[in-house]
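Participant: What follows is a single structure, and I will ask about it in a moment.
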Amino acid sequence: MPQNHVEKVIIVGSGPAGWTAAIYAARANLTPLVFAGRPKTVPTTVLPGGQLMLTTEVENYPGFPEGITGPRMMSCFEQQAVRFGTRIVTDHGLSPDVSSPDDGHSYSYHECKRVDLSARPFVVTGEDDTEYQTHALIIATGATANWLGLENEQRLARSGGGVSACAVCDGALPLFRDKVLAVIGGGDSAVEEATYLTKFASKVCMIHRRDQLRASKIMAKRAMDNPKIEILWNKIVIDVLGDDRISGVRLKDTKTGEESTLRLGGLFMAISHTPATEFLGGQLQLDDKGYIKLQDLYRSTTSVEGVFAAGDCVDSVYRQAVTAAAMGCKAAIDAERWLAEEGIE
Ligand code: NDP
9 MPQNHVEKVI IVGSGPAGWT AAIYAARANL TPLVFAGRPK TVPTTVLPGG QLMLTTEVEN
69 YPGFPEGITG PRMMSCFEQQ AVRFGTRIVT DHGLSPDVSS PDDGHSYSYH ECKRVDLSAR
129 PFVVTGEDDT EYQTHALIIA TGATANWLGL ENEQRLARSG GGVSACAVCD GALPLFRDKV
189 LAVIGGGDSA VEEATYLTKF ASKVCMIHRR DQLRASKIMA KRAMDNPKIE ILWNKIVIDV
249 LGDDRISGVR LKDTKTGEES TLRLGGLFMA ISHTPATEFL GGQLQLDDKG YIKLQDLYRS
309 TTSVEGVFAA GDCVDSVYRQ AVTAAAMGCK AAIDAERWLA EEGIE
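Residue numbering for the sequence shown is 9 to 353, as defined by the numbering used here.
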């Protein structure tokens, strides 16, 4: 790619937000360029395609009455984007070469190392230091769920063995029906996930490391008033038990040091998320948790004109594939309109 070539739009990220932005931008003849990212371990493996690559069955995305696996869904999003002219930065240059839906992603996609937003056109640098110039930029890098980092936790999360970081995504699966389930964490998410799980579980234990919830008062009350929720105070999980399926956890009391076993049919992490915004180097306004601040609640505009953001790197509340996809659509439409206003065809 010649150094003086300027892309109309570059999209960083390959989850539902990134690919949907690519589909819309491609159909608007903007021939978007996507940095899909590489697998990384942080501490669980994060594949290009975002958090859905770690989800087994997606049953709440409209249009798939039988459900679809997360990796297959992302591969379909990608193929749809490529069909309309999206290009992807890979080890071997720019590729329209799509992985087969059954294989998941090709792993040769490139990471975006840094961006320079100090002047227009913006400069986006790949991991091999190749620089790409672009008029508009869409950030859709998502967020990663935080995990404890225990070996069995990771193994069972990857194999669909009853360990998950999203109750709303996975809680309704048959394997969790009428079981004793546990949620780790004491924030609003933990309460929300525990409450949601009471629809399916025989009982839900919230495992919290302190003797006070971090959740807002109203949410905390909701948990404490729910007869199906039991809060286990001052407890941390030191091991996850089970071979193919989780059978329980080893707990340690943070005050007494006493260890115990809790039998479980499912375990859900709700210990916060980390938005993937560090590579922005402080050039976009972020909130105190690192999520990109939008200039207008209903748009995708950021603190830098020409830079748009979508998906979980913006959203600490909904975090659903369908909400991320919708935001990706908005970002592409905003970018297209902005390019037209700027007279960039
Ligand atoms: P929070 O950061 O608010 O809470 C994370 C919880 O996880 C804390 O209780 C924390 O414990 C615990 N935790 C963190 N790390 C560990 C660890 N390694 N081991 C054990 N426990 C750990 O994240 P949330 O995802 O709950 O919420 C994020 C934001 O989204 C908040 O602003 C929240 O208000 C908002 N939100 C709002 C909702 C609503 O209004 N309906 C629903 C969901 C989220 P400790 O308390 O000891 O630090």
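Even for Gly, the Cβ is constructed at its ideal location relative to N, Cα and C.
Alpha carbon to alpha carbon, how far is Asp-233 from Ser-255?
Facilitator: Position 225 of the sequence shown, counting from 1, holds the residue named residue 233. Position 247 of the sequence shown, counting from 1, holds the residue named residue 255. Their backbone Cα atoms lie some 27 Å apart in a straight line.
Participant: I'd like the span of the alpha helix (DSSP H) that includes Thr-133, first residue to last.
Facilitator: Locating residue 133 in the sequence shown gives position 125, counting from the first residue. Premise fails: Thr-133 lies in the beta strand (DSSP E), 130-134, not in any alpha helix (DSSP H).
Participant: In terms of alpha-carbon separation, which member of Thr-264, Asp-252 and Met-227 lies closest to Lys-243?
Facilitator: Residue 243 sits at position 235 when you count from the first residue of the sequence shown. If we check each option's Cα against that of Lys-243, Thr-264 comes out closest.
Participant: What are the uninterrupted segments assigned as beta strand (DSSP E) that are 3 or more residues long and contained completely in the region 178-223, given in chain order?
Facilitator: 188-192 and 211-215
Participant: Work out the CA separation of Leu-270 and Leu-259 for me, nearest whole Å.
Facilitator: Along the sequence shown, read from residue 1 onward, the residue named residue 259 stands at position 251. Along the sequence shown, read from residue 1 onward, the residue named residue 270 stands at position 262. Near 7 Å, if we compare the C-alpha coordinates of Leu-270 and Leu-259.
Participant: If you measure from the CB of Val-325, is any heavy atom of the ligand NDP nearer than 7 Å?
Facilitator: Taking the first residue of the sequence shown as position 1, residue 325 is located at position 317. Val-325 Cβ: within cutoff of the ligand NDP.
Participant: Residues in the same chain with beta-carbon distance under 6 Å from Asp-110, minus the five sequence neighbours each way, listed in chain order, please.
Facilitator: For this step, residue 110 is matched to residue 102 along the sequence shown. Any reading at Asp-110 is ruled out, since the residue's pLDDT is 44, under 50, leaving its predicted position unreliable.
Participant: Between Ala-333 and the ligand NDP, is the CB less than 7 Å from at least one heavy atom?
Facilitator: Sequence index remark: in the sequence shown, residue 333 carries index 325 (1-based). No, the beta carbon of Ala-333 sits no closer than 7 Å to any heavy atom of the ligand NDP.
Participant: Beta carbon of Ala-278: closer than 7 Å to some heavy atom of the ligand NDP?
Facilitator: Here residue 278 is taken as the residue at index 270 of the sequence shown, counted from 1. Ala-278 Cβ: within cutoff of the ligand NDP.
Participant: Which residues in the same chain as Gln-291 place their Cβ atom closer than 6 Å to its Cβ, once the five residues preceding and following it in sequence are excluded?
Facilitator: Here residue 291 refers to the residue found at position 283 when the sequence shown is read from its first residue. Around Gln-291: Leu-125.
Participant: Please confirm whether any heavy atom of the ligand NDP lies closer than 7 Å to the CB of Arg-217.
Facilitator: By 1-based counting over the sequence shown, the position of residue 217 is 209. Arg-217 Cβ: within cutoff of the ligand NDP.
Participant: For Val-17, which three-state DSSP category applies?
Facilitator: Within the sequence shown, residue 17 is the residue found at index 9, counting from 1. It is a strand residue.
Participant: Quick one: is the Cβ of Ala-151 within less than 7 Å of any heavy atom of the ligand NDP?
Facilitator: In the sequence shown, residue 151 corresponds to position 143, counting from 1. Answer for Ala-151: no, Cβ out of range of the ligand NDP.
Participant: Compute the beta-carbon to beta-carbon distance between Ser-280 and Gly-195, rounded to the nearest angstrom, for a pair I have assumed lies under 8 Å.
Facilitator: On the sequence shown, residue 280 is found 272 positions in, with the first residue counted as 1. On the sequence shown, residue 195 is found 187 positions in, with the first residue counted as 1. Yes, Ser-280 and Gly-195 are in contact; Cβ-Cβ is about 7 Å, under 8 Å.
Participant: Whose C-beta lies closer than 7 Å to the C-beta of Ser-308 among residues of the same chain, with five residues either side of it excluded?
Facilitator: Here residue 308 refers to the residue found at position 300 of the sequence shown. Closer than 7 Å at Cβ, skipping near neighbours: Leu-302, Phe-316, Ala-317, Ala-318, Met-335, Lys-338, Ala-339 and Asp-342.
Participant: Between the beta-carbon of Ile-19 and the beta-carbon of Tyr-140, is there less than 8 Å?
Facilitator: For the purposes of this step, residue 19 is taken as the residue at position 11 of the sequence shown. For the purposes of this step, residue 140 is taken as the residue at position 132 of the sequence shown. Annotated as distal: Ile-19 and Tyr-140, with beta-carbon spacing of 8 Å or more.
Participant: Is any heavy atom of the ligand NDP found at a distance shorter than 7 Å from the C-beta of Asn-242?
Facilitator: By one-based count along the sequence shown, residue 242 stands at place 234. Flag unset: Cβ of Asn-242 not near the ligand NDP.
Participant: Out of Lys-187, Thr-262, Glu-200 and Ala-228, state which residue places its alpha-carbon closest to the alpha-carbon of Arg-218.
Facilitator: On the sequence shown, residue 218 is found 210 positions in, with the first residue counted as 1. Out of Lys-187, Thr-262, Glu-200 and Ala-228, Thr-262 has the C-alpha closest to the C-alpha of Arg-218.
Participant: Output needed for Tyr-32: all residues of its chain with C-beta closer than 6 Å, excluding positions within five of it in sequence on either side, in chain order.
Facilitator: For the purposes of this step, residue 32 is identified with residue 24 of the sequence shown, where counting begins at 1. Excluding residues within five positions, the ones whose Cβ falls inside 6 Å are Cys-337 and Ala-340.
Participant: DSSP puts Phe-364 in a beta bridge; with which residues?
Facilitator: Since the first residue of the chain shown is 9 and the last is 353, residue 364 is not available in this structure.
Participant: Does Lys-16 pass the burial test, meaning 16 or more other C-beta atoms within 10 Å, or should it be called exposed?
Facilitator: Position 8 of the sequence shown, counted from the start, is the residue given in the question as residue 16. Burial call: buried.
Participant: Going by the C-beta, is Ile-237 closer than 7 Å to any heavy atom of the ligand NDP?
Facilitator: Translated into the one-based positions of the sequence shown, residue 237 becomes position 229. Not under cutoff, so the answer is no.
Participant: Measure the beta-carbon distance from Gly-184 to His-118 and round it to whole angstroms, keeping in mind my assumption that it falls under 8 Å.
Facilitator: For the purposes of this step, residue 184 is taken as residue 176 along the sequence shown, with counting starting at 1. For the purposes of this step, residue 118 is taken as residue 110 along the sequence shown, with counting starting at 1. The question names Gly, but residue 184 in the sequence shown is Phe. With a Cβ gap of about 37 Å, Phe-184 and His-118 do not count as contacting.
Participant: Please work out which residues of its chain come closer than 6 Å, Cβ to Cβ, to Gly-145, disregarding the five sequence neighbours upstream and downstream, and give them in chain order.
Facilitator: What you label residue 145 is simply residue 137 of the sequence shown in a count that begins at 1. For clarity, residue 145 is Leu in the given sequence; the question names Gly instead. Excluding sequence neighbours, Leu-145 sits near Ile-18, Phe-130 and Val-315.
Participant: Relative to the C-alpha of Cys-84, which candidate in Ile-226, Gly-26, Lys-297 and Phe-287 has its C-alpha closest?
Facilitator: The residue given as residue 84 occupies position 76 in the sequence shown. The residue with the shortest Cα to Cα distance from Cys-84 is Gly-26.
Participant: Under a Cβ-count criterion, where at least 16 other Cβ atoms within 10 Å of its own Cβ denotes burial, should Tyr-299 be classed as buried or exposed?
Facilitator: Position 291 of the sequence shown, counting from 1, holds the residue named residue 299. Buried: at least 16 other Cβ atoms inside 10 Å.
Participant: Consider the C-beta atom of Gly-194 and the heavy atoms of the ligand NDP; say whether any pair is separated by less than 7 Å.
Facilitator: What you label residue 194 is simply residue 186 of the sequence shown in a count that begins at 1. Yes - the ligand NDP has a heavy atom lying nearer than 7 Å to the Cβ of Gly-194.
Participant: Please state whether the Cβ-Cβ distance between Arg-6 and Thr-203 is less than 8 Å.
Facilitator: Nothing about residue 6 can be reported from this structure: the residues present for the chain run from 9 to 353 only.
Participant: How is Gln-88 classed by DSSP in three states: helix, strand or coil?
Facilitator: Against the sequence shown, residue 88 aligns to sequence position 80. Gln-88 falls in the helix class under three-state DSSP.
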